[in-house]
């Protein structure tokens, strides 16, 4: 699951990129994730991975490696990023990284 496995056409890649850069889009995601996923044209498999916060599945689908931890931050916040932050713990759990 490295950079060579990235699917540049995967709608989730565009969604993460834009949600991290645009506060209004991020707020729309927080208010209605389903509508946001539909707006970006995510596949059913992608939507299921997002609903389950299945970061590993998103990686297998071709999400850019940089965006994988960003998924955790979208759900648990991006402030106070450190190894013990809520987002870092969620990422480690979902990627089965021993802590």
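In my numbering, the protein residues as written are 603 to 701.
We put the CB at the ideal spot given by N, CA and C, even for glycine.
> Comparing alpha-carbon positions, which option in 654, 604, 656 and 622 lies nearest residue 675?
Replying inline: Mapped onto the chain shown, residue 675 falls at position 73. Nearest C-alpha to residue 675: 622.
> For residue 679 versus residue 690, is the C-beta spacing smaller than 8 Å?
Replying inline: Numbered from 1 along the chain shown, position 77 holds the residue referred to as residue 679. Numbered from 1 along the chain shown, position 88 holds the residue referred to as residue 690. Cβ atoms of residue 679 and residue 690: not closer than 8 Å.
> For the alpha helix (DSSP H) that residue 700 lies in, which residues bound it at each end?
Replying inline: Counted from its first residue, the chain shown places residue 700 at position 98. Where residue 700 is concerned, there is no enclosing alpha helix (DSSP H), given that its DSSP letter is neither H nor E.
> Leaving out five residues before and five after residue 631 in sequence, what residues of the same chain have Cβ atoms less than 6 Å from its Cβ?
Replying inline: Translated into the one-based positions of the chain shown, residue 631 becomes position 29. These residues qualify, in order along the chain: 621 and 638.
> Starting from residue 657 and walking both ways along the alpha helix (DSSP H), at which residues does that stretch end?
Replying inline: Residue numbering aside, residue 657 sits at position 55 when the chain shown is read from its first letter. That run of the alpha helix (DSSP H) goes 657 to 663.
> Whose C-alpha, out of 666, 655 and 665, is nearest the C-alpha of residue 694?
Replying inline: For the purposes of this step, residue 694 is taken as residue 92 along the chain shown, with counting starting at 1. Selected option, being the one with the closest Cα: 655.
> Under a Cβ-count criterion, where at least 16 other Cβ atoms within 10 Å of its own Cβ denotes burial, should residue 657 be classed as buried or exposed?
Replying inline: The sequence position of residue 657 within the chain shown is 55, counting from 1. Residue 657 counts as buried, since no fewer than 16 other beta carbons sit within 10 angstroms of its beta carbon.
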